[in-house]
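For reference, the structure discussed in these notes is given below.
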Amino acid sequence: MLARRGHDVTVYDKESEPVACASRWNEGKIHLGYLYGADDSLRTARHILPGSLSFGRVLSKLLEADLRPHTTSRDDIYLVHRNSVVDAATLERTFGRIDDLLHEHPGARNYLVDVSAARSRKLSPAEWGAISTSDEVVAGYEVPERSINTQWVAGSLAAALRSQPRVTLRLETTITEAKPVAGVDGKWQVATNDGAREPFDVVVNALWEGRLAVDLTAGITPEPGWSHRFRYCLFIRTKRPVALRSALITVGGFGDVKNYNGRDFYMSWYPVGMVRQGSGITLERPEALDAAATERFVDAVRARLGTLLPGTEAVFEAAEDIKVRGGFVFAQARGSVDDPAASIHRRDRFGVQREGSYYSVDTGKYSTAPWMAEQLAAEISGG
Numbered sequence: 561m562l563a564r565r566g567h568d569v570t571v572y573d574k575e576s577e578p579v580a581c582a583s584r585w586n587e588g589k590i591h592l593g594y595l596y597g598a599d600d601s602l603r604t605a606r607h608i609l610p611g612s613l614s615f616g617r618v619l620s621k622l623l624e625a626d627l628r629p630h631t632t633s634r635d636d637i638y639l640v641h642r643n644s645v646v647d648a649a650t651l652e653r654t655f656g657r658i659d660d661l662l663h664e665h666p667g668a669r670n671y672l673v674d675v676s677a678a679r680s681r682k683l684s685p686a687e688w689g690a691i692s693t694s695d696e697v698v699a700g701y702e703v704p705e706r707s708i709n710t711q712w713v714a715g716s717l718a719a720a721l722r723s724q725p726r727v728t729l730r731l732e733t734t735i736t737e738a739k740p741v742a743g744v745d746g747k748w749q750v751a752t753n754d755g756a757r758e759p760f761d762v763v764v765n766a767l768w769e770g771r772l773a774v775d776l777t778a779g780i781t782p783e784p785g786w787s788h789r790f791r792y793c794l795f796i797r798t799k800r801p802v803a804l805r806s807a808l809i810t811v812g813g814f815g816d817v818k819n820y821n822g823r824d825f826y827m828s829w830y831p832v833g834m835v836r837q838g839s840g841i842t843l844e845r846p847e848a849l850d851a852a853a854t855e856r857f858v859d860a861v862r863a864r865l866g867t868l869l870p871g872t873e874a875v876f877e878a879a880e881d882i883k884v885r886g887g888f889v890f891a892q893a894r895g896s897v898d899d900p901a902a903s904i905h906r907r908d909r910f911g912v913q914r915e916g917s918y919y920s921v922d923t924g925k926y927s928t929a930p931w932m933a934e935q936l937a938a939e940i941s942g943g
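Reading the sequence shown from the start, the letters are residues 561 to 943 in our numbering.
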């Protein structure tokens, strides 16, 4: 975005390819707030709606592409677990209030589909029973949320970066510090793991992993209450199309499935996939899974998710490729998803911190990142 506004931009990435970590390997849910049913204040929904409703508009313009072939074609199914931290009746009331927020929002027509008149809908026992026959499920809802295939987005973003003559990619390079050359309103200098130092007019720290450590070198003290997690999930490609609704089990540490186009799927089971978490400045990356650990992981997700969503078995039976991939998850919140009082059930504390010409960006959710980038590019460019 900055390059298209006429700025010369240097992008640093520790990986050998851009957009190779958590932004490539996640479920791609474009949140409207329904997942955060434990936040009855609706602060999360209000905070994420401007970004999520702008996601399609901003990203399609950035990529110069139609997103529709790469997004889920039907509304999500939410199945309420009997051990949910929010009971079904309370959840239904919260969903209705989120529906009202959508109807009041001027950007509701700009979502991946028009949601200006959409409403969540309670499923009959026969309807949700066709998706899950487990007695662990006590209710079901259809909500107007969609998801996007993040592997396609990542590949397209990487190609867009490489096509920009004003963008210089510094791959396999880690930023170790950022400091003002003189005053904070002037140039800033970044240092890298190879010992190099380079000055810039503006520095944007949009790291998802390691942002807080660089912020500290820049003089920004993180606000208390953050947490880091590292999760693994499954990304499956099938030999033939499989008919399966995108569905998740809520509210708590359960699982979900995304069907992007009939052949590309995402699956997760939270207790299996959550392999590391902490509340330090950084979180050490877990060791890569070897072949045996990968097989055990796939089997565990398949078994547990299959007890609640038996339709997922058809995906495994038709699979031609199964990848176990993961990434870091940062939240300005903490606690267990199984604790109804934990702040992890809210996502209303993300945004941008500024120290002169240095910006630290907590995008909060994948779905709000493009809109935040658009806003920040406009601010840096002066409108």
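Just so you know, even glycine gets a beta-carbon here, dropped at the ideal spot from N, CA and C.
- Quick one: any contact between the stretch 565 to 577 and the stretch 724 to 740, if contact means 3 or more CB pairs under 8 Å? yes
- Query: So, is V703 buried or exposed, given that buried needs 16 or more other C-beta atoms within 10 angstroms?
  - Reply: buried
- Coil, strand or helix - E575 by DSSP: coil
- Query: Over what stretch of residues does the alpha helix (DSSP H) that includes K589 continue unbroken?
  - Reply: Per DSSP, K589 belongs to no alpha helix (DSSP H) and is neither H nor E.
- Would you list the one or two residues that DSSP bridges to R885? C793
- Query: Which of the three DSSP states, helix, strand or coil, is assigned to L672?
  - Reply: coil
- Task: Grab the span of the beta strand (DSSP E) containing L808 for me, first residue to last.
- Result: 807 to 810
- Message: Counting C-beta neighbours from all protein chains within 10 Å, is the total for R584 16 or more, i.e. buried, or is it exposed?
- Response: Counting Cβ neighbours within 10 Å, R584 comes out buried, since at least 16 surround it.
- Message: Between which two residues does the beta strand (DSSP E) holding V640 run?
- Response: That run of the beta strand (DSSP E) goes 636 to 641.
- Specify the secondary structure class of G836 as computed by DSSP and reduced to three states. Per the sequence shown, the amino acid found at residue 836 is Arg instead of Gly. The answer is strand: DSSP assigns R836 an E or B state.
- Message: Give me, in chain order, the residues of the same chain whose beta-carbon lies closer than 6 Å to that of A563; leave out the 5 immediate sequence neighbours on both sides.
- Response: V569, Q724, R726, V727
- Message: Going by beta-carbon coordinates alone, are E915 and V697 separated by less than 8 Å?
- Response: no
- Message: For R823 and R797, which I take to be in contact (beta-carbon distance under 8 Å), what is that distance rounded to the nearest angstrom?
- Response: 6 Å
- With a cut-off of 8 Å on the beta carbons, I'd call S644 and V811 a contact; round off their distance for me. 5 Å
- For A751, I'd like the list of residues in its chain whose CB is within less than 6 Å of its CB, leaving aside the five on either flank, ordered along the chain. T736, E737, R757
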